[in-house]
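My numbering applies: residue 154 is where the sequence shown begins, and numbers increase by one. Step one of this worksheet: look at the structure below.
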Amino acid sequence: MNDARISNVGQWPPAQVRLAARIFPERADTADSGLDRWVTGWWQGKLRTWYPRQRERIRFRDAVEAEAAGLGLERWDDARLQRESRQAARNAFVGKDFASGALALALVRDAARRRLGLLAHPPQLLAAWKLLCGHLIEFDTGEGKTLTAALAACLAALAGVPAHVVTVNDYLAQRDAEKMLPLFAFFGLSVGVVHSGVAQNDRAHQYAQDLTYCTNKDLVFDYLRDRVNAGGINSPAQLAVRRLHQPQRGEERLRLRGLHFAIVDEADSILIDEARTPLILSALSDRGADRDVFAQVLNVAEQLQQDLHFRLIGAQRIPELSKEGRLYLAQLAEDYLAESGSRRKVLDEFWQLDWVREHYVLQALRAIYVYRRDQHYVVLDGKIVIVDEFTGRLLPDRSWEQGLHQLVEVKEGCAATGQNRTLARLTYQVFFGRYLRLAGMSGTLREVAAEMAAVYRVPTLRVEPNRPCQRIERPSLLLLDAEAKHAAIVEEVRQILTQGRAVLIGTRSVMASLAISRALAGAGIVHKVLNALQDEDEASLVAQAGQPGAVTVATNMAGRGTDIPLAPAVAERGGLHVVLSEWHESARIDRQLFGRCARQGDPGSCRAIVALDDELLQHYASALANWTALQWPGLPPASAVKLLRRTMQRKAEAANAAQRRATMRQDRQMRRQLAFSGATE
């Protein structure tokens, strides 16, 4: 191919990107003011997000088709296709030229057709091109994100740029890498996979491949380990000199090669929902040594009276001691120290220091009144395992900090583990903002487009589906209490089953899924449960959820990433029916659950069946919920239901956004302090 577009298209990393003085290529941290972020969010998140995209999709489709027809790709042998693709990919990735992008995608699409038997449709082509240019794409559920991400990642790798495809769980990372491997192998590209099941000493090898599929948490923790192992070194040359003159026994090699290009799947879940909590790399210390302290702290906290000694503040129910509570603790401390005699010194130290005593009592109040079993955590094999609030998955390698985890362990009668010593910490906002080019996809991005633009400086664009959506959304039902809600769900399931269809019931927590399961079992309805306790069977359970008569109860489906294939008989009778059993904190997550049905033009329906005593309604809109119950003892009108949902979710999203801003402020303050002290992160 002799094409005038194949020319010197620039360098990588781009000259206009300010690089950080660190051990591998990454973008320097920005110090934007609040006004800068607001303006960026308003411009990129509002004005540039929702202009019509149909014309551009057709234009890009026509350009790709013209390239394929003009070149006669069907007559090319594999060797020629492989040879011509590399330079075309570099032009497209580095230069971000429209015509070069159409050429490169025409080539790689034909390779996918040959090796995967998949021909990318126009929305996938446009989405892959926008990913390559560094955009966030709202792409409806079921439109083929796996192939779209693979096309963009393949072009980046062909351009010689290390690419990370970031997924939300181990299963998706492994599955997507294996599924797309024939395409990458066609071009001679090597593929790495990093998730919790990959050995630590093998991770550097996995990141050294041309492109790597990885989970978000493993990626950030591996980055933090590199920063800790570098010990303040800011360049590869300095690191080599240190190893030459000051060899450290057992020192491991760097894992990552830099933060060049990332495609984040379920971008809103990772970049927004999980951004409220920083990731902390820690080391275990004094295993179980303070169990007596934690037991005594819990005992003291149980003696405190709510509204007299402490209050639970705001929707997050943050404990706060009152003046009476502090005086009560001081009196307890005085009495204890007067009669402690030869008791353990660690208990004496706890009672002597006011700030230590109050800190652990507040953590104990959290353990007692805020964190709930089968919602925030489960007990497995005598251990506390945290449940991801947004996906319903278990997080066996994570623990709460500052004594909270140990207090929950003692509360549940488990063996107390040692407290962790923090080695490094980082927020998702800072980490993903360091990529030289960041892209991502999700089915629900419109609500957070402004925040994405303000925090990550990445615009959000919507790509319309290949086929019109046929989803039927039935009017929501708002019941008086959980008992009435469960009865209504049972009746809804019965009606759908008489039609020969399948039902998926979404819940917010393990506890809620078990409650609905009991109601269904009491009614004699055969069903399956998919929650954190059955996580290993997820793929098989999801695969069967579209069969006639199938009833599946599942915790939060955000980021599951697996299709529910419909049996032909189910599709003929109306498709999958989705029941939302409790509104979530964000309308995005409700839409994610509803997006499980009516995918790729299939039929489907959905309905929300909720109760006035649902936890989030009582936390965020209790006054309005109680007023609604008084005004309409039966079923409230649709306008009242919509007002209640919007009020609750607006308050919840505002509280979560405030928490993310607070996390960012705290992170910036800590990094300034660490920079002053010469520490790394």
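Glycine included, C-beta positions come from ideal geometry on N, C-alpha and C. Values in this document were obtained by computation on a predicted structure and should not be read as measured data.
Nearest neighbour of L765, chosen from F747, H288, G270, S629 [CA to CA]:
Out of F747, H288, G270, S629, S629 has the C-alpha closest to the C-alpha of L765.
Looking only at its own chain, which residues have a Cβ that is under 7 Å from the Cβ of T651, when we skip the five neighbours before and after it?
Cβ neighbours of T651 beyond the five flanking positions: none.
By alpha-carbon positions, which one of Q555, V538, V514, E554 ends up nearest to L548?
Comparing Cα-Cα distances from L548 to each of Q555, V538, V514, E554, the minimum goes to V538.
Cα-Cα separation, L279 to F213:
Linking L279 to F213 through their CA atoms gives a straight-line distance of about 6 Å.
Per DSSP, T705 forms a beta bridge with which residues?
T705 is bridged to L657, K681.
Thinking just about the alpha-carbon of each residue, which of A428, I290, A655, N244 is nearest to the one in G596?
Looking at the Cα atoms, I290 is the closest of the given residues.
Roughly how many whole angstroms lie between the Cα atoms of W785 and A791?
One Cα belongs to W785, the other to A791, and the distance between them is close to 12 Å.
Would you be able to state if there are at least three C-beta pairs under 8 Å between the stretch 726 to 737 and the stretch 599 to 606?
Touching, no, given that fewer than three Cβ pairs across the two stretches are closer than 8 Å.
Alpha carbons only, please: which of Y581, A312, D541, Y522 is nearest the one belonging to D820?
Taking the Cα of D820 as reference, the smallest distance to any Cα among Y581, A312, D541, Y522 is reached at Y581.
Under the rule that 16 or more other beta-carbon atoms within 10 Å means buried, what is E227, buried or exposed?
Result: exposed.
Residue interval of the alpha helix (DSSP H) (run including E307)
Reading off the sequence shown, one finds Cys at residue 307, where the question assumed Glu. Looking at the DSSP string, the run of the alpha helix (DSSP H) that includes C307 is 298 to 311.
Expressed to the nearest angstrom, what Euclidean distance is found between the alpha-carbon atoms of W701 and K681?
The amino acid at residue 701 is misidentified as Trp; the sequence shows Pro. So the two alpha carbons sit approximately 14 Å from each other.
Do the CB positions of V611 and L591 come within less than 8 Å of each other?
With respect to L591, V611 sits close: the two C-beta atoms are nearer than 8 Å.
Can you name the start and end residues of the alpha helix (DSSP H) that R649 belongs to?
As written in the sequence, residue 649 is Ile, which differs from the Arg given in the question. Taken as a continuous stretch (DSSP letters only), the alpha helix (DSSP H) holding I649 covers 635 to 651.
Going by alpha carbons, who is nearest to Y773 out of E806, R744, A761?
Per the C-alpha coordinates, the member of E806, R744, A761 positioned closest to Y773 is E806.
Using the three-state DSSP reduction, which class does V794 fall into: helix, strand or coil?
Helix.
Closer than 6 Å by C-beta to M664: which residues in its own chain qualify, once you throw out the five before and the five after it? Chain order, please.
Within the same chain, M664 has close Cβ partners D527, Q528.
Looking only at its own chain, which residues have a Cβ that is under 8 Å from the Cβ of F374, when we skip the five neighbours before and after it?
The residues are L432, L434.
Cβ of L783 within 8 Å of any chain D Cβ
No chain D appears in this structure, which consists of one protein chain only.
Does the beta-carbon of A174 have 16 or more other beta-carbons within 10 angstroms, so that it is buried, or is it exposed?
In the assembly as shown, A174 is an exposed residue. Its beta-carbon has fewer than 16 other beta-carbons within 10 Å.
Could you pull the start and end residues of the alpha helix (DSSP H) that E725 belongs to?
Per DSSP, the continuous alpha helix (DSSP H) segment holding E725 begins and ends at 721 to 725.
In whole angstroms, give me the CA-to-CA distance for H462 and V706.
Here the C-alpha atom of H462 lies approximately 41 Å from the C-alpha atom of V706.
Can you grab the Cα-Cα spacing for the pair K298 / T368, in whole Å?
The C-alpha of T368 is placed about 16 Å away from the C-alpha of K298.
Pairwise C-alpha distance: L632 and A761:
Computed Cα separation, rounded: 11 Å.
C-alpha gap between V314 and R444, whole angstroms:
If I take the Cα positions, the gap works out to 50 Å.
Any idea what DSSP makes of N619, helix, strand or coil?
Shown here, N619 sits in coil according to DSSP, grouped into three states, outside any helix or strand.
Assigned exposure category for A222 - 16 Cβ within 10 Å defines buried
Counting Cβ neighbours within 10 Å, A222 comes out exposed, since fewer than 16 surround it.
Can you list, in chain order, the residues of its chain with a C-beta nearer than 6 Å to that of A309? Leave out the 5 residues immediately preceding and following it.
Same-chain partners within the cutoff: F246, A316, F414.
Where are the beta strand (DSSP E) runs, 3 residues long or more, that stay fully inside the stretch 530 to 576, in chain order?
Scanning the stretch 530 to 576 from its first residue to its last, the whole beta strand (DSSP E) runs of 3-plus residues come out as 530 to 533, 536 to 540.
Under the three-state DSSP convention, the category G345 falls into:
DSSP, read as helix, strand or coil, puts G345 in strand.
On the DSSP letters alone, give me the boundaries of the alpha helix (DSSP H) that F374 sits inside.
Membership of F374 in the alpha helix (DSSP H) is indicated by the continuous run 369 to 383.
Test item: CB-CB of L258 and A281 under 8 Å:
Result yes, Cβ atoms of L258 and A281 sit closer than 8 Å.
Taking the C-alpha atoms as reference points, what is the distance between V417 and S253?
Each residue's CA atom was taken as its position, placing V417 and S253 some 24 Å apart.
Determine the extent of the alpha helix (DSSP H) in which E455 is found, giving its start and end residues.
First-last of the alpha helix (DSSP H) with E455: 444 to 456.
Could you say which of M594, V532, G571, Q555 lies nearest to E565 if we only look at CA atoms?
In this structure, V532 is the residue among M594, V532, G571, Q555 with its C-alpha nearest to the C-alpha of E565.
My output table needs one value for A483: the three-state DSSP class, helix, strand or coil.
The answer is helix: DSSP assigns A483 an H, G or I state.
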